[in-house]
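Below: one structure, written as structure tokens.
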Amino acid sequence: MVSPKTGCEAQMYSQDGYTQLTFHYIDGHSESFTVYEPIEDATSPAGVHLEVRHLLEKDWWIVNLEEQTVFINIDNVIKVEVKPAIPNIRGEGVFSNADQVTTINRMR
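If you count the sequence shown from 1, position 90 lands on 89 in numbering that gives the first Met the number 0, and the numbers rise without skipping.
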């Protein structure tokens, strides 16, 4: 199941039973969705890694909400945040054990 500021068929793994996806778009706005169903093979690190890689290859993500279906063109997305973190994802292109450092952007 999915909900506004809520869910998606792009299913990730969360021990809490849900995953929050936040999409940051090229035009500066963002929106969040909560996904309530984990991927079926999320118990193995390889399963999570393959699911994420497969998902990132898609041009469109489809979010099925109770009251509507949202189609997201990934070409318009500059960043996707996933909470909680996906600890089992490893391998090429993955920076493990990283900390986020925020910088101050100054207007000119």
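By construction, the Cβ of each residue, glycine as well, lies at the ideal position given by its N, Cα and C atoms. Because the structure is a prediction, the values reported are computed rather than measured.
Look at the alpha carbon of residue i and the alpha carbon of residue j, and state the distance between them as a whole number of angstroms.
i: F70; j: A97; result: 31 Å
i: T101; j: E80; result: 15 Å
i: N75; j: L20; result: 15 Å
i: P83; j: H28; result: 21 Å
i: Y24; j: I73; result: 9 Å
i: G92; j: D26; result: 26 Å
i: S139; j: G16; result: No answer is possible for residue 139: the residues shown for the chain start at 0 and end at 107.
i: I85; j: Y35; result: 15 Å
The beta strand (DSSP E) that contains residue i, what's its start and end?
i: Y24; result: 18-24
i: S31; result: 29-34
i: V81; result: 76-82
i: T146; result: Past the boundaries of the shown model lies residue 146; the chain is included only from 0 to 107, so the question cannot be answered.
i: V62; result: 59-63
Verify whether the separation of the beta carbon atoms of residue i and residue j is less than 7 Å.
i: I88; j: H48; result: yes
i: F32; j: V62; result: yes
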